[in-house]
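Residue numbers (this note's numbering): 478 to 721.
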């Protein structure tokens with residue numbers, strides 16, 4: 478099963494004692510291609526619609542039928558969490574403050590995308606004294622908003638291009654498994670196809686372009702995506718083989 482970024486922006490975020498708002502955006506790591514945070518738009522219950530960020534570590538359940546993200550936090554706990562300016566980059570210093578507040582181990586300690594663990598929720602129960610001792614708050618993170626990269630051009634060749642249409646995410650590891658590229662606006666009879674994160678050579682934030690390590694023929698030969706079959710495990714498994 479995969480879930481798309483575009484789907485998640487329609488999900489409500491549900492604390493242990495009630496809804497807190499909706500998922501406005503997702504911040505992902507542009508090196509590990511893993512979801513780090515959800516932006517919660519809290520205008521239904523917080524003054525001035527203060528924005529809150531939530532790591533996947535907090536997720537208890539992802540309810541795709543009811544379109545809800547259930548998190549292991551209270552409304553008050555989220556209300557009192559460290560404030561953030563959504564118009565400024567999330568710094569490692571802020572991440573350290575946030576993780577200390579929630580009592581989570583740091584994901585940046587260890588070799589994997591979630592430190593020493595395969596799944597983010599495992600960071601909810603770690604030795605916090607060791608995590609604080611080993612933390613490296615001055616190390617630069619690589620966080621980018623999905624909404625920012627959505628629409629970035631992907632050059633296909635001379636005078637031809639596609640654009641980033643969506644991100645397909647594994648809701649267990651929260652890895653970005655596939656990126657959807659749409660060519661309909663540029664090529665007659667175009668299509669929506671997928672590439673893997675390893676196909677991305679560079680995301681150029683100044684020119685709003687995504688460079689890939691595939692030539693035009695190889696890029697256009699990538700498999701088309703059927704967005705209605707993201708819950709079909711056999712389809713996803715076959716698609717992952719094709720895209721590699």
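Using N, Cα and C, we set each Cβ at its ideal position, and we do this for glycine too.
Predicted model, so just to flag it, every value in this text is computed and none were measured.
In the structure shown, residue 714 adopts helical secondary structure according to DSSP, grouped into three states. Taking a C-beta distance under 8 Å as the contact criterion, residue 617 and residue 549 do not qualify as a contact pair. In this structure, residue 560 keeps its C-beta atom at 8 Å or more from the C-beta atom of residue 575.
In this structure, DSSP gives residue 675 a helical state, which the three-state scheme calls helix.
By the beta-carbon neighbour count (other beta carbons within 10 angstroms, threshold 16), residue 519 is buried. In this structure, 565 is the residue among 540, 497, 565 and 495 with its C-alpha nearest to the C-alpha of residue 504. Comparing C-alpha distances from residue 648 to each of 689, 594, 546 and 572 shows the shortest one belongs to 546. Residue state for residue 568 is assigned as coil, using DSSP reduced to three classes.
By the Cβ neighbour-count rule, residue 694 is exposed, with fewer than 16 other Cβ atoms within 10 Å of its own. Between residue 672 and residue 703, the alpha-carbon positions lie close to 14 Å from each other.
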